[in-house]
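>
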Amino acid sequence: MKTLIAKPADLTPQTPWLDTRWAWTGEEELIDHTTKARLCAAALLPFRDRKPDWDGFLASIRWMQAAADRYGVELVVVLNADTGYIFNLDDALYAEVLRRFRAAFPQAKFIAGVTARGAENDTAFQAERYRPLLDIVQQHDNCEVMLMTSKWLSALAPEPCRDAYYQIAEWLIRPGIVHALEPAFVPWARPFGPWLLWQLARHPKFVGGKISTLDEPHFLYWAAMCRDLGLEFAPHSGDDFGIATAIKLGLPLLIGAAVSGAPLICAAKDLWLNDAAPQKKFRTGTGRFDTRVYKVFEAFQSLEDQVFRLDANLSASAYKHSTAHVLHELGIIASPEAHPACPDLRGADEAARMSEALRRPRRVAARMQIGF
Numbered sequence: 421m422k423t424l425i426a427k428p429a430d431l432t433p434q435t436p437w438l439d440t441r442w443a444w445t446g447e448e449e450l451i452d453h454t455t456k457a458r459l460c461a462a463a464l465l466p467f468r469d470r471k472p473d474w475d476g477f478l479a480s481i482r483w484m485q486a487a488a489d490r491y492g493v494e495l496v497v498v499l500n501a502d503t504g505y506i507f508n509l510d511d512a513l514y515a516e517v518l519r520r521f522r523a524a525f526p527q528a529k530f531i532a533g534v535t536a537r538g539a540e541n542d543t544a545f546q547a548e549r550y551r552p553l554l555d556i557v558q559q560h561d562n563c564e565v566m567l568m569t570s571k572w573l574s575a576l577a578p579e580p581c582r583d584a585y586y587q588i589a590e591w592l593i594r595p596g597i598v599h600a601l602e603p604a605f606v607p608w609a610r611p612f613g614p615w616l617l618w619q620l621a622r623h624p625k626f627v628g629g630k631i632s633t634l635d636e637p638h639f640l641y642w643a644a645m646c647r648d649l650g651l652e653f654a655p656h657s658g659d660d661f662g663i664a665t666a667i668k669l670g671l672p673l674l675i676g677a678a679v680s681g682a683p684l685i686c687a688a689k690d691l692w693l694n695d696a697a698p699q700k701k702f703r704t705g706t707g708r709f710d711t712r713v714y715k716v717f718e719a720f721q722s723l724e725d726q727v728f729r730l731d732a733n734l735s736a737s738a739y740k741h742s743t744a745h746v747l748h749e750l751g752i753i754a755s756p757e758a759h760p761a762c763p764d765l766r767g768a769d770e771a772a773r774m775s776e777a778l779r780r781p782r783r784v785a786a787r788m789q790i791g792f
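At position 303 of the sequence shown the residue is numbered 723 (this note's numbering), and the sequence of numbers has no breaks.
#1: Looking at the structure shown, is F709 part of a helix, part of a strand, or coil, going by DSSP?
#2: Grouping DSSP H, G and I as helix and E and B as strand, with all else coil, what is V627?
#3: Quick one: grab the DSSP three-state call for L778.
#4: So the alpha helix (DSSP H) V557 belongs to, where does it begin and stop?
#5: Quick check for students: name the residue ranges of the beta strand (DSSP E) that lie wholly in the region 430-506, counting only runs of 3 or more.
#6: C563 lies in the beta strand (DSSP E); which residues open and close that run?
#7: Is P683 near S722, with beta carbons less than 8 Å apart?
#8: Judging by CA-CA distance, which residue of K456, T435 and L424 is the nearest neighbour of T445?
#9: Less than 8 Å between the beta carbons of M748 and E770, yes or no?
#10: Under 8 Å: do the region 516-528 and the region 471-478 share three or more Cβ pairs, one atom per stretch?
#11: Mind checking A426: buried by the 16 CB within 10 Å criterion, or exposed?
#12: What does the Cβ neighbour count give for R783, buried or exposed, with the cut at 16 atoms within 10 Å?
#13: When you compare the CB positions of I597 and K630, do they come within less than 8 Å of one another, or not?
#14: Hey, which unbroken runs of the beta strand (DSSP E) at 3 residues or more fall wholly within the region 647-684?
#15: Just how far apart, CA to CA, sit A643 and Q619?
#16: Within the continuous beta strand (DSSP E) that includes L601, where are the two ends?
#17: Can you list, in chain order, the residues of its chain whose CB lies under 8 Å from that of D725, leaving out five sequence neighbours each side?
#18: Looking at the unbroken alpha helix (DSSP H) that takes in A744, where does it start and where does it end?
#19: Is S632 helix, strand or coil by DSSP?
#20: Drop a sphere of 10 angstroms on the beta-carbon of N541, count the other beta-carbons inside from all chains shown, and report buried for 16 or more, exposed for fewer.
#21: For N733, count neighbouring C-beta atoms within 10 Å of its own C-beta (all shown protein chains included) and say buried if the count is 16 or more, exposed if not.
#22: With C-beta atoms as the reference, is L499 less than 8 Å away from A488?
#23: Per DSSP, what are the beta-bridge partners of E590 in this structure?
#24: Am I right that L691 and Q699 are in contact with their C-beta atoms under 8 Å? What's the rounded C-beta distance?
#25: I want to know whether the region 559-574 touches the region 525-535 - three or more CB-CB distances under 8 Å.
#26: Under three-state DSSP, which class holds V517?
#27: Cutting at 6 Å between CB atoms, please list the residues of its own chain near G628, excluding the five before and the five after it.
#28: Excluding the five sequence neighbours on either side, which residues of its own chain have a C-beta within less than 7 Å of the C-beta of L576, listed in chain order?
#29: Give a yes or no on contact between the region 749-769 and the region 499-511, applying the rule of three or more CB pairs nearer than 8 Å.
#30: So what's E724 in DSSP terms, helix, strand or just coil?
#31: Spell out the partners DSSP gives V784 in its beta bridges.
#32: Taking 8 Å as the cut-off, decide whether the C-beta atoms of M484 and A678 are in contact.
Below you can see the structure in the form of structure tokens.
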């Protein structure tokens, strides 16, 4: 029988996850009915007549916050990430998003996405590419910085990749969140191996990390390792196709799906808790969790599987356009337009498709008085 690695000292930069015991830990071994982890909701930047719809932007955040307040969920809005069109924003508009959010929500914590600026013609990683957006974000208090992966950062071997993250961390004066993707999202992406995750999780400026996956359960690997080793580093699931897993494990979500399904997701976080959990808002009176949560899981996942459906190129990038259609259907924003420079668009029938995708979630929400 193969001996699996269980100690960080035995890891090397080349160790694959499948050589560790953390890759063989089942979801059922990590179940947590007592922790209601935060929901980090990636806000959509809506557009109307080719210009930012600031009223719609704030309305969608207030809609999410109302659901979070009702179910006692900590909501942290994620600004200027992929859902906020970070790759289509110039620095001035990037900064304006933060200013408008802070003016409307002066006490609220936010997470801001930061990526490499001006690296299009680079042939190697340059940490300085992260400085312009870092400098803009860190003018604000009560925020965290998500260091979004980039082509040349992801191309580095594990040891220089660690050193690159450490170099960026020297400029951090706010808590940092690292970020990993599978190649299913972009062909150059490379998820963290166990050695690299261990190295990043130990850094005092990194409070957590986001992992987005389609093909391999890296979030479970991260969760198993961090819990087993007692790391002060929070894995955040970025998997919009598997939202329920993070809720079941009592771990944070960092997803664009929250802006289209916030009431259902917030309700599920509360329904999943046992009555004895201090954060439980709506107790069952039985001491147990509310098993109707499984139908809520199915309802929001049926919606998000359509919002994030893969196109002919096996890309879900046009989910932003679908999200705009959902918010428009719900009467939250005035137009389903995408950013005028964004090439990732759905077809002319998207309004009808999203209206259909909302039928089951609305039915479940109505039966359970969730308010969706």
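Yeah, the Cβ is synthetic: ideal placement off N, Cα and C, and Gly gets one too.
A quick note: this is a predicted structure, and the numbers were derived from the prediction, not measured.
In brief:
#1: Coil, per DSSP.
#2: Under the three-state reduction of DSSP output, V627 falls in the strand class.
#3: It is coil, neither helix nor strand.
#4: Where V557 is concerned, the enclosing alpha helix (DSSP H) starts and stops at R551 to V557.
#5: At a cut-off of 3 residues, the continuous stretches assigned as beta strand (DSSP E) that sit fully inside the region 430-506 are 459-462 and 495-499.
#6: Its beta strand (DSSP E) spans residues C563 to L567.
#7: Against a cut-off of 8 Å, the Cβ pair of S722 and P683 comes out as no contact.
#8: It is L424 whose Cα lies nearest to the Cα of T445.
#9: Looking at the sequence itself, residue 748 is His, so the reference to Met does not match. The answer is no: Cβ separation not under 8 Å.
#10: The region 516-528 makes contact with the region 471-478, as at least three CB pairs between them are under 8 Å.
#11: Under this definition A426 is an exposed residue.
#12: Counting other Cβ atoms within 10 Å of its Cβ, R783 stays below 16 and is therefore classed as exposed.
#13: Yes; because the gap between Cβ atoms is below 8 Å, this pair is in contact.
#14: Correct list: 654-657 and 673-675.
#15: About 15 Å.
#16: Taken as a continuous stretch (DSSP letters only), the beta strand (DSSP E) holding L601 covers G596 to L601.
#17: Cβ-Cβ distances below 8 Å link D725 to F661 in the same chain, with the five nearest sequence neighbours on each side left out; the list follows chain order.
#18: Per DSSP, the unbroken alpha helix (DSSP H) holding A744 starts and ends at Y739 to E749.
#19: The DSSP-derived three-state label of S632 is strand.
#20: Answer is exposed; the Cβ neighbour count stays below 16.
#21: Exposed, because fewer than 16 other Cβ atoms sit within 10 Å of the Cβ of N733.
#22: Their beta carbons are not under 8 Å apart, which means L499 does not touch A488 by this criterion.
#23: In the DSSP secondary-structure assignment, E590 is not bridged to any residue.
#24: With a Cβ gap of about 12 Å, L691 and Q699 do not count as contacting.
#25: Contact between the region 559-574 and the region 525-535 is established, with three or more Cβ pairs separated by less than 8 Å.
#26: The three-state reading of DSSP puts V517 in helix, counting H, G and I together.
#27: Answer for G628: I597, F653, A654 and H656, listed in chain order.
#28: So the qualifying residues of the chain are F545 and A584.
#29: As far as the Cβ criterion goes, the region 749-769 touches the region 499-511, which means the pair count is three or higher.
#30: In the structure shown, the three-state DSSP call for E724 is helix.
#31: Here V784 is not bridged, per DSSP, to any residue.
#32: Cβ atoms of M484 and A678: closer than 8 Å.
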